[in-house]
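J.:
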Amino acid sequence: MDLITPDKTHDEARQGEALMLDATMGKNNGRKLYIESYGCAMNFSDSEIVASILQEQGFETTKDYNNADVVFINTCSIRENAEQRVRNRLKEFTVAKVKNPGMVVGVLGCMAERLKSKFLEEEKLVDVVVGPDAYRDLPNLIDKVDGGQKAVNVLLSREETYADINPVRLNSNGINAFVSIMRGCDNMCSFCVVPFTRGRERSRDPHSIVKECTDLFNAGYREVTLLGQNVDSYKWAPQTTLPEGEGSEEQADKEVLPLGEDLGGVNFANLLEMVALINPDLRVRFSTSHPKDITDEVLETIAKYENICNYIHLPVQSGNSRVLELMNRTYDREWYMNRVDAIRRIIPGCAISTDIITGFCTETEEEHQDTLSMIDYVGYDYAYMFMYSERPGTLAAKRYADDIPEPVKNRRLKEVVEKQRHYSYVRLQEQIGKVQRVLIEGFSKKSDQDYCGRNDQNAMVVFPVGENYKPGQYVNVLVDRTTTATLLGSVVD
Ligand code: SAH
Ligand code: SF4
Ligand code: F3S
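Under full-length UniProt numbering, the first residue of the sequence shown is numbered 1, with each subsequent residue one higher.
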């Protein structure tokens with residue numbers, strides 16, 4: 001199951017794939033946990049934190065929710081259909097709950113945060129509703145439900161980064177892992193619920209990030225994907241570590257604990273470098289880059305280290321400056337093109353992917369054409385493309401009418417998808433005849449006669465299994481042909 005492919009960060013195709021806990025649990029409390037995740041990579045990463053917190057409590061795991069004492073669904077609110085999918089899935093848990101009335105059903109994540117206690121009224125099946133910053137409270141909340149009550153904790157935090165929690169790797173192939181480097185978002189793009197569901201942006205202590213990545217490398221992992229909604233605004237100032245649970249400004253004045261003298265402020269470029277230096281055999285990926293914040297310093301750091309992958313997910317959303325302004329993206333068409341030019345100049349051959357929204361409020365046909373011409377300008381390697389979906393409470397929902405009829409949104413989406421399909425294919429074709437350094441991830445989906453793995457640019461490469469190499473190792477693959485989405489070839493060394 002390809003749960004750890006960073007190019008699928010926002011791909012709803014991943015939604016609905018169950019995450020099962022494979023780790024051997026510590027002290028056993030005789031109860032079984034089942035957890036399933038939807039939405040972006042941050043949610044999948046959070047489920048690993050949840051698993052770790054409950055492992056401490058002695059929960060064993062099950063791959064079958066019918067056998068579970070606690071069933072968690074970690075949810076996404078980004079588009080209406082993401083929420084609908086979760087509601088449909090909850091219905092499927094009803095029979096299990098009727099058979100086992102003691103079963104605790106919990107809703108975690110962004111939908112929990114958005115709907116809060118309303119969830120309990122709307123979905124009678126649900127016993128506990130927990131927002132993304134309240135997972136440390138899960139053991140108490142489960143106790144409360146065991147005591148016959150319903151339980152809700154949707155408090156958002158300005159400090160919580162779960163920095164000290166060692167995530168239980170879920171459904172892991174032992175090679176790629178997600179590492180969360182920050183939480184929340186302060187950008188307030190007008191279409192987006194994330195600032196409401198994830199709260200204020202905060203960066204995680206770089207020491208804890210480097211330690212987690214080092215531990216992963218020592219455990220045999222060979223690729224980490226550093227995660228944040230806007231990784232380029234990662235910022236760790238020295239002396240911001242406060243004693244546990246104390247965050248008021250008064251306390252901050254009195255009780256600041258200095259970090260190591262060696263560590264000044266750390267920005268994203270510095271963090272990338274720190275992680276790259278762990279070992280040249282540890283590949284470093286990251287997502288998501290915000291066009292307004294991605295600096296030449298970040299690009300130069302990517303160019304400097306072989307093991308920082310030449311792949312940038314740079315969501316454009318729209319190619320038109322007026323629409324970008326309504327979206328509150330705080331860059332315009334020219335700025336975005338300038339950043340793409342900088343990538344092409346500083347990291348030749350770097351792959352670029354994007355997110356695009358069609359049919360945003362008041363978008364005209366001409367403005368839609370600007371999105372199409374942006375695709376021509378960049379020639380993206382890959383794109384995640386969506387019709388605009390109005391989300392309650394967002395700035396766009398308050399300020400602008402969702403006035404583009406669905407058939408028009410859909411037709412524009414089709415045009416965008418069609419054009420992008422062409423460039424995705426062209427980018428793959430360009431690799432024919434070239435030798436790619438591939439990190440082997442495992443057998444290909446279609447055959448255990450073939451291995452699959454990704455090249456530096458994040459394209460999937462499939463090649464025959466051989467005696468001299470195995471998953472977790474790097475091989476050089478000469479690409480000789482492609483499918484519509486995959487490079488095919490054979491190992492040359
Ligand atoms: N932090 C990332 C995006 C996270 S959400 C960034 O700033 O780029 C992932 C993608 O979902 C967004 O890039 C956007 O393209 C899409 N999206 C978000 N809200 C949406 C909405 N209301 N309707 C349609 N697509 C949306
Ligand atoms: Fe949403 Fe914008 Fe933040 Fe991305 S940067 S999570 S689109 S508000
Ligand atoms: Fe991610 Fe969906 Fe929340 S995209 S941050 S899980 S709304």
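In this text, a Cβ means the ideal position worked out from N, Cα and C, and glycines have one as well.
(1) Could you pull out every residue in the same chain whose Cβ sits closer than 6 angstroms to the Cβ of Arg31, ignoring the five residues on either side in sequence?
(2) With Pro464 as the anchor, note down where its alpha helix (DSSP H) starts and where it stops.
(3) To which residues of the same chain is Gln457 closer than 7 angstroms at the C-beta, ignoring the five residues directly before and after it?
(4) Comparing the CB of Asp232 with every heavy atom of the ligand SAH, is any distance shorter than 7 angstroms?
(5) Going straight from the alpha carbon of Lys445 to that of Met460, what length do you get?
(6) Which residues share a DSSP beta bridge with Arg481?
(7) In this structure, how does DSSP classify Cys40 when only helix, strand and coil are distinguished?
(8) For a quick check, are the C-beta atoms of Pro348 and Glu306 less than 8 angstroms apart?
(9) Does the distance between the C-beta of Cys189 and the nearest non-hydrogen atom of the ligand SF4 fall short of 7 angstroms?
(10) Heavy atom of the ligand SAH less than 7 angstroms from the Cβ of Gln317, yes or no?
(11) Three or more C-beta pairs closer than 8 angstroms, one from the stretch 30 to 50 and one from the stretch 147 to 159: is that the case here?
(12) Do Val71 and Val105 have their CB atoms nearer than 8 angstroms?
(13) Could you pull out every residue in the same chain whose Cβ sits closer than 7 angstroms to the Cβ of Lys409, ignoring the five residues on either side in sequence?
(14) When the cut-off is 8 angstroms and only beta carbons count, does Asp133 lie next to chain D?
(15) Pull up the distance between the alpha-carbon of Ala23 and that of Ile175, whole angstroms please.
(16) Ser321 by DSSP, collapsed to three states: which one?
(17) For Cys192, is the beta carbon positioned less than 7 angstroms from some heavy atom of the ligand SF4?
(18) Looking at Met182: is its Cβ nearer than 8 angstroms to the Cβ of Glu201?
(19) Please state the DSSP three-state secondary structure of Ile142.
(20) Would you kindly work out how many angstroms separate the C-alpha atoms of Leu324 and Thr330, rounded to a whole number?
(21) Is the stretch 313 to 321 touching the stretch 389 to 398 in the sense that three or more CB pairs, one from each, lie closer than 8 angstroms?
T.: So, from the listed chains and residues:
(1) Here residue 31 is taken as the residue at index 31 of the sequence shown, counted from 1. Excluding residues within five positions, the ones whose Cβ falls inside 6 angstroms are Phe59, Asp69.
(2) If you number the sequence shown from 1, residue 464 lands on position 464. It is not in any alpha helix (DSSP H) - Pro464 instead sits in the beta strand (DSSP E) that spans 460 to 464.
(3) Numbered from its first residue, the sequence shown carries residue 457 at position 457. Excluding sequence neighbours, Gln457 sits near Asn310, Tyr311, Ala351, Asp381.
(4) As a first step, residue 232 is located in the sequence shown; it is residue number 232 there, counting from the start. False, no ligand heavy atom lies under 7 angstroms from that Cβ.
(5) In the sequence shown, counting from the first residue as 1, residue 445 sits at position 445. In the sequence shown, counting from the first residue as 1, residue 460 sits at position 460. So the alpha carbons of these two residues sit roughly 11 angstroms apart.
(6) As a position in the sequence shown, residue 481 is number 481, starting the count at 1. Beta-bridge pairing links Arg481 to Leu488.
(7) The sequence position of residue 40 within the sequence shown is 40, counting from 1. In this structure, Cys40 counts as coil in the three-state DSSP scheme.
(8) Mapped onto the sequence shown, residue 348 falls at position 348. Mapped onto the sequence shown, residue 306 falls at position 306. No, the Cβ-Cβ distance between Pro348 and Glu306 is not below 8 angstroms.
(9) For the purposes of this step, residue 189 is taken as the residue at position 189 of the sequence shown. Result yes, Cβ under 7 angstroms from the ligand SF4.
(10) By one-based count along the sequence shown, residue 317 stands at place 317. True, at least one ligand heavy atom lies under 7 angstroms from that Cβ.
(11) no
(12) Residue numbering aside, residue 71 sits at position 71 when the sequence shown is read from its first letter. Residue numbering aside, residue 105 sits at position 105 when the sequence shown is read from its first letter. Yes, Cβ-Cβ distance for Val71 and Val105 is below 8 angstroms.
(13) Locating residue 409 in the sequence shown gives position 409, where the first residue counts as 1. Thr358, Gly359, Met387, Tyr388, listed in sequence order.
(14) Checking the listed chains, one finds no chain D in this structure; it contains a single protein chain.
(15) Taking the sequence shown and counting its residues from 1, the one referred to as residue 23 is at position 23. Taking the sequence shown and counting its residues from 1, the one referred to as residue 175 is at position 175. Confidence at Ala23 is low in this model, with a pLDDT of 41, below 50, so its placement is unreliable and the value that follows should be read with caution. Roughly 15 angstroms between the two C-alpha positions.
(16) For this step, residue 321 is matched to residue 321 along the sequence shown. It is helical.
(17) Indexing the sequence shown from 1 puts residue 192 at position 192. Flag set: Cβ of Cys192 near the ligand SF4.
(18) Residue 182 sits at position 182 when you count from the first residue of the sequence shown. Residue 201 sits at position 201 when you count from the first residue of the sequence shown. Yes.
(19) Working through the sequence shown from its first residue, we reach residue 142 at position 142. Helix, per DSSP.
(20) Mapped onto the sequence shown, residue 324 falls at position 324. Mapped onto the sequence shown, residue 330 falls at position 330. Approximately 7 angstroms, taken between the alpha carbons.
(21) no
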